[in-house]
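What follows is a single structure, written as structure tokens, with notes after it.
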DNA sequence: CATGCGTGGTT
DNA sequence: TAACCAAGCAT
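Okay, here's the thing in structure tokens:
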């Protein structure tokens with residue numbers, strides 16, 4: 055018979071090895087009475103959805119500098135926020151971020167229960183539990199990819215995901231302590247991110263290595279099991295990049311729903327099995343001869359380009375000419391911009 | 001319950 | 001280098 059993993063052992067490890075993150079109240083500070091800012095916790099958790107700490111760090115700092123409070127964010131212009139989010143991905147998060155900030159401002163503050171939080175746009179089961187636990191130190195159970203991996207290993211759950219989700223959630227709930235639940239939630243995620251990693255877990259230095267069933271069986275690196283994924287198809291498209299003498303570019307704002315929703319993009323036909331010509335205006339379109347390749351969640355894209363210098367007088371059928379901050383563009387559009395700029399010396 | 005939705009680091 | 005995968009949510 056083996057003992058169950060002890061939350062106290064993980065908390066002791068966390069007290070010594072917690073990562074230093076800009077949105078985090080260090081365990082020693084929390085013991086000293088420092089209270090997290092729910093706004094900062096919420097902002098970080100939204101940014102961290104399916105996104106690595108390394109990618110989020112600078113975006114978080116920038117957002118908090120530009121908009122130090124939820125009221126400030128609620129008062130921001132949509133395009134400004136979308137532009138600052140550009141490059142971080144999953145742009146529905148940015149649209150929901152604004153909706154949520156405005157709802158919270160209207161309410162006079164963030165809800166203080168998990169159920170209340172989960173009613174807000176962009177906040178689901180994971181994020182509501184994370185904010186409740188981290189910001190308010192409520193005994194809620196967070197279940198993210200890290201927690202699923204740790205539970206799959208410690209309890210040697212061989213059932214593949216997503217079928218195993220309910221069992222993993224139940225196991226995780228069984229471990230959530232009444233003491234320091236906020237630090238505990240962050241501790242499990244830190245463990246998953248730094249020791250119980252997907253490929254080569256560092257079991258030798260894991261505080262739970264004595265209670266880990268998968269390690270005892272020697273199968274830790276194979277868990278969690280996952281249902282096989284369907285291969286990504288390749289789609290093709292053509293993007294049209296037109297520049298006026300004043301340095302403005304022809305761009306379109308994409309519809310709020312769907313791929314890159316609400317973001318700026320280059321005109322062109324919808325991407326599909328074949329690249330379709332769809333020039334937004336008559337011009338002397340040139341092929342820079344370099345294709346942009348980009349991979350989205352569920353398909354690969356090969357994007358051909360057409361570039362043109364156009365006079366101020368010419369009127370486009372679609373889109374508007376604007377001065378562009380390249381950092382306001384989603385990554386695939388910025389890649390196209392970089393190619394076009396290199397092909398069009400001033 | 002399955003699918004659509006970005007990007008970049010790691011292996 | 002191609003595949004994997006990350007502090008998920010909305011529909």
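In the working numbering, the protein residues as written are 55 to 400.
We put the CB at the ideal spot given by N, CA and C, even for glycine.
Stretch pair the segment 288 to 307 + the segment 356 to 373: three plus CB contacts closer than 8 Å: yes
Status (buried if at least 16 other CB within 10 Å, exposed otherwise) for residue 343: Residue 343 sits at position 289 when you count from the first residue of the first chain. That one is exposed.
Start and end residues, alpha helix (DSSP H) containing residue 164: By one-based count along the first chain, residue 164 stands at place 110. Unbroken run through residue 164: none, as it is neither H nor E.
Buried versus exposed, by CB contacts within 10 Å (16 or more), residue 198: Your numbering for residue 198 matches position 144 in the first chain. Residue 198 is buried by the Cβ-count criterion.
Buried versus exposed, by CB contacts within 10 Å (16 or more), residue 259: Residue mapping note: residue 259 aligns to position 205 of the first chain, counting from 1. Looking at its Cβ environment, which holds fewer than 16 other Cβ atoms inside 10 Å, residue 259 is exposed.
Validate contact between the segment 197 to 213 and the segment 254 to 268 using beta carbons, cut 8 Å, 3 pairs: yes
Three CB pairs or more closer than 8 Å across the segment 84 to 102 and the segment 170 to 186: yes
Any alpha helix (DSSP H) of 4 or more consecutive residues that is wholly inside the segment 233 to 257: List check, alpha helix (DSSP H) in window: 235 to 248.
Stretch pair the segment 105 to 112 + the segment 126 to 139: three plus CB contacts closer than 8 Å: no
Whether residue 204 touches residue 246 by CB criterion (7 Å): On the first chain, position 150 is the one that residue 204 refers to. On the first chain, position 192 is the one that residue 246 refers to. Yes; because the gap between Cβ atoms is below 7 Å, this pair is in contact.
Whole-Å CB distance - residue 370 paired with residue 399, under 8 Å assumed: As a first step, residue 370 is located in the first chain; it is residue number 316 there, counting from the start. As a first step, residue 399 is located in the first chain; it is residue number 345 there, counting from the start. That belief does not hold up - the Cβ atoms of residue 370 and residue 399 are roughly 23 Å apart, past 8 Å.
Residues near residue 158 in its chain [Cβ-Cβ closer than 6 Å; skip 5 each side]: By 1-based counting over the first chain, the position of residue 158 is 104. Excluding positions up to five away in sequence, the list reads 124, 164.
Terminal residues of the alpha helix (DSSP H) in which residue 114 lies: As a position in the first chain, residue 114 is number 60, starting the count at 1. Here the alpha helix (DSSP H) through residue 114 covers 107 to 120.
Pair within 7 Å by beta-carbon distance, residue 292 and residue 329: Locating residue 292 in the first chain gives position 238, where the first residue counts as 1. Locating residue 329 in the first chain gives position 275, where the first residue counts as 1. Yes.
CB contact flag (residue 183, residue 168, <7 Å): Residue 183 sits at position 129 when you count from the first residue of the first chain. Residue 168 sits at position 114 when you count from the first residue of the first chain. Yes.
Contacting residues, own chain, Cβ-Cβ under 6 Å from residue 274 (five flanking each side not counted): Stepping through the first chain from its first residue, residue 274 is reached at position 220. For residue 274, where only same-chain residues beyond five positions count, the Cβ hits under 6 Å are 207, 255, 268.
Close beta carbons around residue 9, own chain, < 6 Å, minus the five adjacent residues each side: What is shown of the chain runs 55 to 400, which leaves residue 9 out entirely.
DSSP three-state assignment for residue 156, whether helix, strand or coil: Position 102 of the first chain, counted from the start, is the residue given in the question as residue 156. Note: residue 156 maps to helix in three-state DSSP.
Under 7 Å between C-beta atoms of residue 243 and residue 319: The sequence position of residue 243 within the first chain is 189, counting from 1. The sequence position of residue 319 within the first chain is 265, counting from 1. In this structure, residue 319 does not lie closer than 7 Å to residue 243 by Cβ.
Buried or exposed (CB count within 10 angstroms, at least 16 for buried), residue 232: For the purposes of this step, residue 232 is taken as the residue at position 178 of the first chain. Around the beta carbon of residue 232, a 10 Å sphere encloses fewer than 16 other beta carbons of the protein chains shown; the residue is thus reported as exposed.
Outcome for residue 316 when other beta-carbon atoms lying within 10 angstroms are tallied against a minimum of 16: Taking the first chain and counting its residues from 1, the one referred to as residue 316 is at position 262. The residue is buried, with at least 16 neighbouring Cβ atoms inside 10 Å.
Where residue 264 falls: helix, strand or coil (DSSP): Sequence index remark: in the first chain, residue 264 carries index 210 (1-based). For residue 264, the three-state secondary structure derived from DSSP is helix.
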